[in-house]
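Following my numbering, the numbering of the sequence shown begins with 31 at its first residue and continues without gaps. The C-beta atom is built at its ideal place from N, Cα and C for all residues, glycine as well.
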Amino acid sequence: MTRKDVDTLIKNAFVITMNPRREMIERGAVAITGTRIVAVGPTDELMRSHSARHQIDAQGGIVHPGFIDTHVHFMNAARGAFPDTMDLSTSMNIYRQWWDGVDDEDEYASSLLNCIEMLSNGTTCFLEAGTVHNPHAAAEAAERVGMRGFVGDPFLWDMPAAPGVHVMSRAPRALDRSLSLLGSQLKRNSKPDGLVRGCVVLFGLGSASDELVRTAKRIADENNAIFSQHQSFGPNDAAADERRLGKRALCHFADIDVLGHNCTFSHMNDLSGDEMAMVRQAGMSVAWCPGTAMTLATGATVKGPHLHMHRDGVNTALASDGANSACRYDIGLQGLLALLASRERTQKRDSFSAEDVMELATVNGARALGMAHEIGSLEVGKRADIVIRSTDLPEAQPGVDPLQTLVYCCGSKSVASVLVNGETVWSAGRPRRIEAAQIYELARKSTDRMWTKLGLSRQSRWPIVQ
Ligand SMILES: [Zn+2]
Numbered sequence: 031m032t033r034k035d036v037d038t039l040i041k042n043a044f045v046i047t048m049n050p051r052r053e054m055i056e057r058g059a060v061a062i063t064g065t066r067i068v069a070v071g072p073t074d075e076l077m078r079s080h081s082a083r084h085q086i087d088a089q090g091g092i093v094h095p096g097f098i099d100t101h102v103h104f105m106n107a108a109r110g111a112f113p114d115t116m117d118l119s120t121s122m123n124i125y126r127q128w129w130d131g132v133d134d135e136d137e138y139a140s141s142l143l144n145c146i147e148m149l150s151n152g153t154t155c156f157l158e159a160g161t162v163h164n165p166h167a168a169a170e171a172a173e174r175v176g177m178r179g180f181v182g183d184p185f186l187w188d189m190p191a192a193p194g195v196h197v198m199s200r201a202p203r204a205l206d207r208s209l210s211l212l213g214s215q216l217k218r219n220s221k222p223d224g225l226v227r228g229c230v231v232l233f234g235l236g237s238a239s240d241e242l243v244r245t246a247k248r249i250a251d252e253n254n255a256i257f258s259q260h261q262s263f264g265p266n267d268a269a270a271d272e273r274r275l276g277k278r279a280l281c282h283f284a285d286i287d288v289l290g291h292n293c294t295f296s297h298m299n300d301l302s303g304d305e306m307a308m309v310r311q312a313g314m315s316v317a318w319c320p321g322t323a324m325t326l327a328t329g330a331t332v333k334g335p336h337l338h339m340h341r342d343g344v345n346t347a348l349a350s351d352g353a354n355s356a357c358r359y360d361i362g363l364q365g366l367l368a369l370l371a372s373r374e375r376t377q378k379r380d381s382f383s384a385e386d387v388m389e390l391a392t393v394n395g396a397r398a399l400g401m402a403h404e405i406g407s408l409e410v411g412k413r414a415d416i417v418i419r420s421t422d423l424p425e426a427q428p429g430v431d432p433l434q435t436l437v438y439c440c441g442s443k444s445v446a447s448v449l450v451n452g453e454t455v456w457s458a459g460r461p462r463r464i465e466a467a468q469i470y471e472l473a474r475k476s477t478d479r480m481w482t483k484l485g486l487s488r489q490s491r492w493p494i495v496q
């Protein structure tokens, strides 16, 4: 038998394929040529039928599709800018001043740091929530590191800010400015092999007029792109929407026909029964941010609609959201939080399983970003975005049930290597294309500049002795 030449063969792995049959292959292998997967099966079989220029021995470790973060803000250089107990509106105003004060260099540094943090935790694709003024800097950082992602246009909004909210001078709330920018990142989609693609993003949370929302949805439809925005974070913005629109926001959006399968709205913590029905009917996706909901003490993981929507067939994916709320840009952590919160809420162990975590983190994330045909599972023809886990740590032993071990015990500690487009971009605790120390230095300098610019000082509740 003639053996087929391939570039890379990952062998001796416990392969969690996430294919439609959810097959897991003991002593499995994945063959890669170029950027795509060309074979998945038992190691013995693939070794007989393929000749690989490069072999990676997973030594029994788990191999699974890269995790997908469906809503992030590239601003982790802002970590620690305010105490973790500060009230939400005050801390959001510091964020807005931070967003207003950054320059291209700051955004590039923060984007690099975000990308390597996500890779280190097994995330291979992200959607930035339209909160970098220079999307090109964010895209350049992702490409430099070798990560897949989506960027939109910055801070698109046209409704006046609420009293007391810091008004961002760099991103005036205006319809003409928003319309002139809207869709400009979609030009990235003309390159089918490009790592960074464009999507349509509004800031959301009641900050856009119907005209702006309608135009965003139309442009997304015309370009076969995703339309994303923040929505219904909590009772305050949901009630403000209801006062302004005369009905619940999602019901209004259904009325003006801006919901559809290409919509992925983030948070969605406060929805009525009617709104949940609209979401399901539209076939849209939800970016669930359990870390943010819990860190900011919203009550949304015990009262919110996510578990119900997920069980009701709404495509629910996971997201990290912000630097001071996500805990970490770590989809495995977000999945574990979703699981724990769902069980605590229902007091039923079968309400949310380790398998649910894997589905939300991979195939559901891929669908939420309109990439179900390209990523989210290890199947022939898909992009080789792959995480290889180590068994060489106490939490990975004895490893009788690898999937449970992964979700509950190992977490990100077990990430050994990460491939994007068939290229190893993370291994041995380091990014492969760029020195981590170089990124840390850029990020530290950016943080120093920003703290000086905004007059921030460290506020420790405990005395710090020099
Ligand atoms: Zn957000």
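Considering only L301, S355, H340, the residue with the shortest C-alpha distance to G334 is L301. One residue list follows from the rule of a beta carbon closer than 6 Å to any heavy atom of ligand 1, given in chain order as H101, H103, A159, H260, S296, D351, G352.
Between the beta-carbon of A317 and that of A349 there is about 4 Å, and that keeps the pair under the 8 Å contact cut. Secondary structure of S487 (DSSP, three-state): coil. With contact defined as three or more Cβ pairs closer than 8 Å, the region 119-131 and the region 406-418 are not in contact.
Look at the beta carbons and you see the region 141-150 not touching the region 112-121: under three pairs across the two are nearer than 8 Å. With respect to the C-alpha of V181, the residue from L212, Q489, A192 having the closest C-alpha is L212. Exposed is the label assigned to M31, since fewer than 16 other Cβ atoms lie within 10 Å of its Cβ. Classified as exposed, S220 has fewer than 16 neighbouring CB atoms from the shown chains inside 10 Å of its CB.
The region 405-412 and the region 86-95 touch, with three or more beta-carbon pairs separated by less than 8 Å.
The alpha carbon of F44 has as its nearest neighbour, out of Q496, G459, C155, V60, the alpha carbon of V60.
For H403, the number of other beta carbons within 10 angstroms of its own is below 16, and it is reported as exposed. Per DSSP, E173 is one residue of the alpha helix (DSSP H) stretching across 165-175. Distance from the CA atom of R373 to the CA atom of E135, rounded to whole angstroms, is 43 Å.
If one requires a minimum length of 4 residues, the alpha helix (DSSP H) runs lying completely within the region 254-293 are 265-275, 279-285, in chain order. When the Cα atoms are used, W492 and M324 turn out to be separated by approximately 24 Å. W318 carries a strand assignment under DSSP once its states are collapsed to helix, strand and coil. Bounds of any alpha helix (DSSP H) do not take in A107, whose DSSP letter is neither H nor E.
Non-local C-beta neighbours of S381 in its own chain, meaning closer than 7 Å and more than five positions away in sequence, comprise L337, S372, R373, ordered along the chain.
Straight through space, the alpha carbons of D251 and Q215 are spaced by roughly 15 Å.
One alpha carbon belongs to S79, the other to R57, and they sit about 16 Å apart. For V393, the enclosing alpha helix (DSSP H) stretches over residues 393-398. By the Cβ neighbour-count rule, G290 is exposed, with fewer than 16 other Cβ atoms within 10 Å of its own. Here C145 carries a helix assignment [DSSP, helix/strand/coil].
Per the C-alpha coordinates, the member of A255, M105, G91, G329 positioned closest to H163 is M105.
Selection M189, N254, E305 evaluated against R274 yields M189 as nearest (Cα-Cα). Going by C-alpha positions, T322 is about 15 Å away from A108. In the DSSP annotation of this structure, the continuous segment of the beta strand (DSSP E) that includes L157 starts and ends at 153-158. If you draw a straight line from the Cα of V445 to the Cα of V430, it is about 18 Å long. Contact between T73 and K41 holds: CB atoms are separated by about 5 Å, below the 8 Å threshold. Here the region 227-246 makes contact with the region 256-264; the two share three or more CB pairs at distances below 8 Å. Around the Cβ of S81, a 10 Å sphere holds fewer than 16 other Cβ atoms; the residue is exposed. When the beta-carbon positions are compared, V450 and T154 come within less than 8 Å of each other.
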